[in-house]
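Shown next, in structure tokens, is the structure this report addresses.
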Amino acid sequence: MNPQQPPILADPIRPRIGIWGRFDAFRFEDLVSAWILEHELRRRLPEAHIQMYAPLERGRAPARDGGFAVADLGDWTPGRTKDLAQALDCAVVAGDLFSGGDGSLASFLVEGLGPELEKGCPVAWSAVGVEFELEPEEGARIRKALASRTDVSVRDEASRERLRHAGVEAEVTVVPDPLLLLPRAFPTWSGIRARQRPSSFRGPGRSPIAASRSGKSSPPPSSDCRFPWCFSSWMPEAGRRNSWTRCRRTSPVRRSAFRRKPLRAISSPRSLTRARS
632 MNPQQPPILA
642 DPIRPRIGIW
652 GRFDAFRFED
662 LVSAWILEHE
672 LRRRLPEAHI
682 QMYAPLERGR
692 APARDGGFAV
702 ADLGDWTPGR
712 TKDLAQALDC
722 AVVAGDLFSG
732 GDGSLASFLV
742 EGLGPELEKG
752 CPVAWSAVGV
762 EFELEPEEGA
772 RIRKALASRT
782 DVSVRDEASR
792 ERLRHAGVEA
802 EVTVVPDPLL
812 LLPRAFPTWS
822 GIRARQRPSS
832 FRGPGRSPIA
842 ASRSGKSSPP
852 PSSDCRFPWC
862 FSSWMPEAGR
872 RNSWTRCRRT
882 SPVRRSAFRR
892 KPLRAISSPR
902 SLTRARS
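This is how it looks when you write it as structure tokens:
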């Protein structure tokens with residue numbers, strides 16, 4: 632907590648909600664998940680005070696968040712957990728559970744505030760992604776943390792199965808991936824700008840854009856299928872005028888497309904996909 636800024640007092644009309652996640656990571660999905668969750672919370676609780684938190688890695692520049700300030704969760708110590716429990720009415724863990732650096736599990740995203748402090752400041756998991764099989768030590772930590780929690784949800788069946796394989800007995804609910812709500816998480820003026828400047832999304836000579844995923848594309852992970860849909864839904868004008876093609880770099884589709892007309896090809900790097908598990 633900032634000693635120069637007085638803490639926000641508890642108010643039933645303006646609940647203090649902390650959103651915890653890997654919002655300092657350099658992945659598209661991690662960066663927008665905070666936007667999406669905040670948007671959905673404000674639709675239901677317009678007076679809520681919402682603050683983003685991330686376990687910022689020391690010596691590493693944070694990603695550009697593009698519109699919200701990310702507070703550092705800090706070190707997982709008794710003093711820090713007590714401060715957060717006093718500053719918040721509840722906390723919501725969202726996004727990818729594993730860190731973007733060394734692949735470890737951040738303590739605040741797993742252990743949270745601890746069972747005692749969470750009696751006054753509940754910690755929930757909302758559409759969390761568990762993208763790796765858990766090591767025995769990781770599984771033990773998660774089992775212990777989730778044993779006392781009542782609100783736990785993951786974004787896909789694979790994440791729930793990994794928790795089950797790790798011995799988690801708590802009730803885990805599978806909910807739709809929040810990325811499907813991306814189009815309505817952005818303000819209306821984004822679509823207006825896209826309609827006013829459609830050339831920004833076209834190649835030289837107003838040629839259409841072709842997007843392809845780097846690496847092998849069969850079978851593609853479900854997350855790769857969603858990016859063109861989300862992009863074209865967010866920018867309807869650009870989506871209608873551009874051709875979205877998922878293909879391998881040497882595929883006949885891509886070679887044929889380049890022979891017919893010049894295309895501006897954008898290949899998403901593997902680091903922006905979830906093809907890690």
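The opening position of the sequence shown corresponds to residue 632 in the numbering used here, with each subsequent residue numbered one higher. We put the CB at the ideal spot given by N, CA and C, even for glycine.
Three-state class that DSSP yields for residue i in the structure shown
i: Asp727; result: strand
i: Arg673; result: helix
i: Leu687; result: coil
i: Trp707; result: coil
i: Thr804; result: strand
i: Ser757; result: strand
i: Arg658; result: coil
i: Ile644; result: coil
i: Ser664; result: helix
i: Ala722; result: strand
i: Val741; result: helix
i: Ala789; result: helix
i: Ala702; result: strand
i: Gly649; result: strand
i: Leu765; result: coil
i: Arg877; result: Note that Arg877 scores a pLDDT of 44, beneath 50, so its modelled location is shaky and nothing firm can be said.
i: Cys856; result: Low confidence applies to Cys856: its pLDDT is 42, below 50, so where it sits in the model is not reliable, and the reading given next is rough at best. Reduced to three states, the DSSP call for Cys856 is helix.
Exposed unless 16 or more other CB atoms sit within 10 angstroms - verdict on residue i
i: Thr708; result: exposed
i: Ser757; result: buried
i: Val806; result: exposed
i: Pro686; result: buried
i: Arg674; result: exposed
i: Ile667; result: buried
i: Arg795; result: exposed
i: Asp706; result: exposed
i: Gly751; result: exposed
i: Ser767; result: The sequence given here has Pro at residue 767, not Ser. The residue is exposed, with fewer than 16 neighbouring Cβ atoms inside 10 Å.
i: Ala700; result: exposed
i: Glu669; result: buried
i: Gly652; result: buried
Supposed contact pair residue j and residue i - C-beta distance, whole angstroms, cut 8 Å
i: Ala801; j: Val785; result: At roughly 11 Å, the Cβ-Cβ gap does not stay under 8 Å, so Ala801 and Val785 are not in contact.
i: Leu748; j: Thr712; result: 6 Å
i: Leu812; j: Glu671; result: 7 Å
i: Gly743; j: Val754; result: 4 Å
Proximity of residue i and residue j at Cβ, strictly below 8 Å
i: Val803; j: Arg793; result: no
i: Ala725; j: Ile648; result: no
i: Arg772; j: Gly798; result: no
i: Gln717; j: Ala702; result: no
i: Leu728; j: Leu715; result: no
i: Leu676; j: Pro643; result: no
i: Ala776; j: Val741; result: yes
i: Tyr684; j: Leu662; result: no
i: Pro814; j: Ser779; result: no
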